[in-house]
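Student: Next up is a structure, given as C-alpha cells.
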Ligand code: F3S
C-alpha cells in the first residue's frame with residue numbers, strides 16, 4: 081500500500097484537474113507494482129524516447145491528450161534527442177510530413193512546459209545537486225546523475241517520466257533510497273588499468289563492466305586514471321548503461337558516495353575480455369566517423385576544434401551535440417565546419433537516420449553507439465577518439 085500525503089490524495093481525486101489525476105493514478109499504480117512505500121518529490125524530470133519513430137501515433141496522441149486535459153509539468157523538464165536536427169532536417173533527408181509529426185511531439189511537450197532541449201545531457205544543461213531526487217529517463221543521464229553528482233534517480237521509462245514530471249514525484253524505491261544505493265559487487269579494474277590508460281579504451285571498459293555485472297550497484301576499484309576526464313567518464317557510463325540495467329557505478333576517485341565495503345563478491349576485469357569487446361567492433365573500413373554519444377559538451381567541441389587546428393578532415397566526420405552546446409561553443413562549431421566536420425544538434429547517430437545521410441559503415445568512440453548501430457544493421461568500428469582523429473587527419477584517407 082502506497083502512503084500518499086493529503087496533497088497527493090487531492091491530486092489523485094482531481095484537485096488539479098483531469099490530466100494531473102490521470103498521471104497520478106499511473107504513478108501510484110507503478111509505485112504499487114514496485115513495492116514503494118510512498119512517493120518522493122523530484123526536483124527535475126528528463127523525458128526520453130521522443131522521436132516519432134519511437135512514440136508512434138498512439139504515443140503522440142497520448143501526449144496531446146495529456147496537454148489538452150490541462151496537464152502541465154510541475155518541475156523543470158528536459159527532453160532527449162529527436163529524430164533529426166530541427167534546423168537542417170531537409171539536409172538530413174527528412175520530408176515535411178516527417179518533420180510535422182516530430183513537431184506535434186515538440187509542441188505537446190512545450191505546451192506542457194518542457195524545455196525542449198533535445199539532448200541526452202541534461203546534467204550539463206540543468207545540473208542537479210548532490211542528494212536531489214530526479215525522475216530521469218535516458219540511461220547515460222541517469223548513470224551520470226547517480227554516479228558522478230550523487231543525485232538520485234531510477235532508470236525511468238520515457239512514458240513514466242512524462243507522468244512523473246506532471247505530478248513532480250516518483251516512486252520512492254531503488255536508487256532513491258540509501259539501501260538501493262549500497263554497492264552490491266566490487267569490480268576490480270586493476271588487470272585492465274594500464275591497457276585502458278595506454279589505449280584510451282574507456283568506452284569498451286564500460287561495456288565490459290555492464291556485460292559482466294548486468295544489474296545492481298558496482299563499486300569500481302583501481303579505475304584507470306583517464307576515466308576521470310569528463311568526456312571519458314561520460315563515454316564509460318553510457319556504455320555501462322547500454323550493456324546492462326545498472327543505474328549507478330560507484331567509481332573510486334570520482335563518485336561522492338564511493339566508500340570501500342568489506343565482504344562483497346569481487347569480479348576482476350581482464351585484458352583478454354576487453355580485447356574481445358574491441359574485436360566485436362573491429363575493422364579498417366568506414367564511410368564516416370561519428371562522434372557525440374552522449375552528446376558532446378561545449379568543452380569537447382572546443383577540444384575537437386583545437387585538435388583539428390584548422391586542418392581539413394580527409395573523410396566524413398559527423399558530430400552530434402545539443403543546441404545548448406552549439407550556442408555555447410559557437411566559435412568551435414564554426415571552426416569544425418570550416419574543417420569539413422558536419423555538426424548536427426537535436427538528434428544523434430542512433431535516434432536519427434545515418435543511412436539517409438549516406439552512411440552505412442561508421443567508426444565511433446562510443447560503445448553505446450556501436451551497440452545500437454550494429455543492432456540497426458550498420459557495420460561499426462569502435463576505437464578511441466584520438467585514434468579516429470588521427471585517421472581522418474592522415475593523408476592516407
Ligand atoms: Fe545520447 Fe543518442 Fe547516445 S541519445 S547517449 S547520443 S544513443
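Numbering (this note's numbering), first residue to last: 81 to 477.
Just so it is clear, CB atoms sit at the ideal spot from N, CA and C, and this is done for glycine as well.
Please state whether the Cβ-Cβ distance between residue 217 and residue 237 is less than 8 Å.
Tutor: yes
Student: I think residue 472 touches residue 394, with their Cβ atoms under 8 Å apart; what is that distance to the nearest whole Å?
Tutor: In this structure residue 472 is in contact with residue 394, their Cβ atoms being roughly 6 Å apart against a cut-off of 8 Å.
Student: Which residues share a DSSP beta bridge with residue 462?
Tutor: Residue 462 pairs with 444.
Student: From residue 458 to residue 252, what does the alpha carbon distance come to, in whole angstroms?
Tutor: A direct Cα-Cα distance of roughly 40 Å separates residue 458 from residue 252.
Student: Give me the Cα-Cα distance between residue 446 and residue 169, rounded to the nearest whole angstrom.
Tutor: Rounded to the nearest angstrom, the gap between the Cα atoms of residue 446 and residue 169 is 24 Å.
Student: Hey, would you say the C-beta of residue 103 is under 7 Å away from at least one heavy atom of the ligand F3S?
Tutor: no
Student: Residues in the same chain with beta-carbon distance under 8 Å from residue 390, minus the five sequence neighbours each way, listed in chain order, please.
Tutor: 415, 418 and 419
Student: Tell me the DSSP secondary structure of residue 216 in three-state form.
Tutor: strand
Student: Within the structure, which residues are defined as neighbours of the ligand F3S by a Cβ-heavy atom distance below 7 Å, reported in chain order?
Tutor: 160, 161, 200, 218, 220, 318, 372, 373, 374, 375, 400, 428, 429, 430, 431, 446, 448, 449 and 452
Student: Any idea if residue 113 is buried or exposed, counting beta-carbon neighbours within 10 angstroms, 16 or more meaning buried?
Tutor: exposed
Student: Counting Cβ pairs closer than 8 Å, one from the stretch 350 to 358 and one from the stretch 402 to 411, do we hit at least three?
Tutor: no
Student: Let me confirm a value: residue 47 is counted as buried when at least 16 other C-beta atoms fall within 10 Å, else exposed. Which label applies?
Tutor: For residue 47 there is no data in the structure shown, the boundaries of the chain being 81 and 477.
Student: Output the distance between the C-alpha atoms of residue 275 and residue 303, rounded to the nearest integer angstrom.
Tutor: 11 Å
Student: Between which two residues does the alpha helix (DSSP H) harbouring residue 86 extend?
Tutor: 86 to 93
Student: Tell me the DSSP secondary structure of residue 394 in three-state form.
Tutor: coil
Student: Taking residue 400 and residue 373 to be in contact with their CB atoms under 8 Å, please state how far apart those CB atoms are, rounded to whole angstroms.
Tutor: The Cβ separation is near 7 Å, so the contact holds.
Student: Per DSSP, what kind of secondary structure is residue 187 in: helix, strand or coil?
Tutor: helix
Student: Is the beta carbon of residue 135 closer than 8 Å to that of residue 268?
Tutor: In this structure, residue 268 sits away from residue 135, with a CB-CB distance that is not shorter than 8 Å.
Student: Check whether the Cβ atoms of residue 226 and residue 256 lie closer than 8 Å to each other.
Tutor: The beta carbons of residue 226 and residue 256 sit no closer together than 8 Å.
Student: Nearest to residue 165 by CA position, among 441, 470, 433 and 425, is which residue?
Tutor: For residue 165, the nearest C-alpha among the options comes from 425.
Student: With a Cβ-Cβ cutoff of 8 Å, do residue 223 and residue 369 count as a contact?
Tutor: No. Outside cutoff.
Student: Note down the Cα distance separating residue 286 from residue 203, rounded to an integer number of angstroms.
Tutor: 19 Å
Student: Can you tell me whether DSSP reads residue 157 as helix, strand or coil?
Tutor: Residue 157 falls in the strand class under three-state DSSP.
Student: Of the residues 365, 261, 186 and 128, which one's Cα is nearest the Cα of residue 463?
Tutor: 365
Student: Buried or exposed: where does residue 99 fall if 16 or more other Cβ atoms within 10 Å of its Cβ makes it buried?
Tutor: By the neighbour-count rule (16 or more Cβ atoms within 10 Å), residue 99 is buried.
Student: Taking just the CA atoms, how far does residue 318 sit from residue 289?
Tutor: 11 Å
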